[in-house]
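Numbering-wise (full-length UniProt numbering), the sequence shown opens with residue 1 and increments by one.
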Amino acid sequence: MKYPNFLCVCLNPTLQKTLLFTSWQRDQVNRTGSYRLDASGKGVNVGRVLTQLGKDALHLTQLGGHFRDLFINLCKNDGLPLVWTDSSSEIRFCYTLLDREDHSVTELVEESEPVHPGTEQAVLELFEEESLRISKKATKQPTLIISGTKAAGFSDEIIPLMVSHAKHRGYRIILDIKGKDLQNSLLYRPQFIKPNLLEFCTTYLPDLEQGKIQVDENYQQSIQEQVVSQAQLLATKFGCSIIITRGSKPIWVIEGSKFYEVPLTPVVPVNTTGSGDAFTAGLASAFDDGHTLKSAITEGIRCGALNAALLKPGVIRE
Numbered sequence: 001m002k003y004p005n006f007l008c009v010c011l012n013p014t015l016q017k018t019l020l021f022t023s024w025q026r027d028q029v030n031r032t033g034s035y036r037l038d039a040s041g042k043g044v045n046v047g048r049v050l051t052q053l054g055k056d057a058l059h060l061t062q063l064g065g066h067f068r069d070l071f072i073n074l075c076k077n078d079g080l081p082l083v084w085t086d087s088s089s090e091i092r093f094c095y096t097l098l099d100r101e102d103h104s105v106t107e108l109v110e111e112s113e114p115v116h117p118g119t120e121q122a123v124l125e126l127f128e129e130e131s132l133r134i135s136k137k138a139t140k141q142p143t144l145i146i147s148g149t150k151a152a153g154f155s156d157e158i159i160p161l162m163v164s165h166a167k168h169r170g171y172r173i174i175l176d177i178k179g180k181d182l183q184n185s186l187l188y189r190p191q192f193i194k195p196n197l198l199e200f201c202t203t204y205l206p207d208l209e210q211g212k213i214q215v216d217e218n219y220q221q222s223i224q225e226q227v228v229s230q231a232q233l234l235a236t237k238f239g240c241s242i243i244i245t246r247g248s249k250p251i252w253v254i255e256g257s258k259f260y261e262v263p264l265t266p267v268v269p270v271n272t273t274g275s276g277d278a279f280t281a282g283l284a285s286a287f288d289d290g291h292t293l294k295s296a297i298t299e300g301i302r303c304g305a306l307n308a309a310l311l312k313p314g315v316i317r318e
């Protein structure tokens, strides 16, 4: 392995079980012979796609419990380098139910168990070691990508601390996080944040009708001005660009005071799980190659569409 130029962090590892049905019904016994098990979680997905794009990425996480070695071996089989600290916390399972008839993707997500006391300090020490080593070895600007939620037991300080230290070391920083993790991290001026519309609204516009945000396109259009205005305030105050994804709908991009939309490539999905992470990986890869924001978003869209057309989550080829 070449020395990595990308450090992908996710503190909520997942084992993803994907089951493909011709059609499945609620309150019925549904059987399938088409299924798979993969190491997943947003950080794994991002790192795996970066690797498939020819980039050298390192995934940093916490692991524990009975399925730790399985997770490690699955990452190894995918060619994804991994560093981790022992959290004594069982890795959660998530389940994706795919329906060929209506192309629906249903996800069942377990909440994580709390990590063992002392895990946070161990993770921070590992992050310090790896981020410093990458920044010293890098021949061009390294990239930090922090994705997803964190397992129970971590404080609200851990992710902002990582952002602060990485910014001091000259990293390009891409955040796909929400809530206090995002709010507190913005103080350290990451270059790019990539929430989806629901995550952005629950973080910064909590009075909006959350139940309509993901499913009602008319409602999305009715709140666009409010969302863009809030995003422009944040972009100006913290010097970041904001990329708000909306599933299959055009992406809202805020670059300083500028706002524009970028349409997505239509695709008949097989499995959309991990498509947002594939988008993030494509975005980061394009930045590494010197692309503009708009051009990088186009590459992110390409990677997201490739992922959606495949059964395995968080890949652009199988």
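All C-beta atoms, glycine included, are put in the ideal place defined by N, C-alpha and C.
Opening and closing residue of the alpha helix (DSSP H) in which A231 lies
A231 -> alpha helix (DSSP H) spans 217 to 238.
Give the secondary structure of R100 by DSSP, where H, G and I count as helix, E and B as strand, and everything else as coil.
For R100, the three-state secondary structure derived from DSSP is coil.
Does DSSP classify Q183 as helix, strand or coil?
helix
Can you give the Cα-Cα distance for P269 and T280, rounded to whole angstroms?
For P269 and T280, the gap between their C-alpha atoms comes out near 18 Å.
Measuring only the C-alpha atoms, how far is R48 from L80?
6 Å
Can you check whether the CB of A138 is closer than 9 Å to the CB of D86?
no
Output the boundary residues of the alpha helix (DSSP H) element that contains H168.
158 to 168
Leaving out five residues on either side along the sequence, give the residues of the same chain with a beta carbon under 6 Å from the beta carbon of S34.
L20
Measuring straight from C-alpha to C-alpha, what distance separates L11 and L60?
8 Å
Which whole-angstrom value describes the C-beta separation of A308 and V267, a residue pair presumed to lie in contact below a C-beta threshold of 8 Å?
Between V267 and A308 the Cβ distance is about 5 Å, and since that is below 8 Å, they are a contact.
If you drop the 5 nearest sequence neighbours on each side, which residues of the same chain put their C-beta closer than 7 Å to that of H168?
none
From which residue to which residue does the beta strand (DSSP E) around K137 run?
Note, K137: premise wrong, no beta strand (DSSP E); alpha helix (DSSP H) at 119 to 137.
Any chance the stretch 138 to 152 sits against the stretch 30 to 44, with 3 or more Cβ pairs inside 8 Å?
yes
Counting C-beta neighbours from all protein chains within 10 Å, is the total for R26 16 or more, i.e. buried, or is it exposed?
exposed
Measuring alpha carbon to alpha carbon, tell me which residue in S88, I159, L161 is nearest H116.
S88
Own chain, CB closer than 7 Å to Q230, minus 5 neighbours either side, in chain order
Y204, L205
What's the call for V109, buried or exposed, on a 16-neighbour Cβ count within 10 Å?
By the neighbour-count criterion, in which a residue is buried when 16 or more other Cβ atoms sit within 10 angstroms of its Cβ, V109 is exposed.
Report the residue from K237, Q141, L124 whose alpha carbon sits nearest the alpha carbon of I159.
L124
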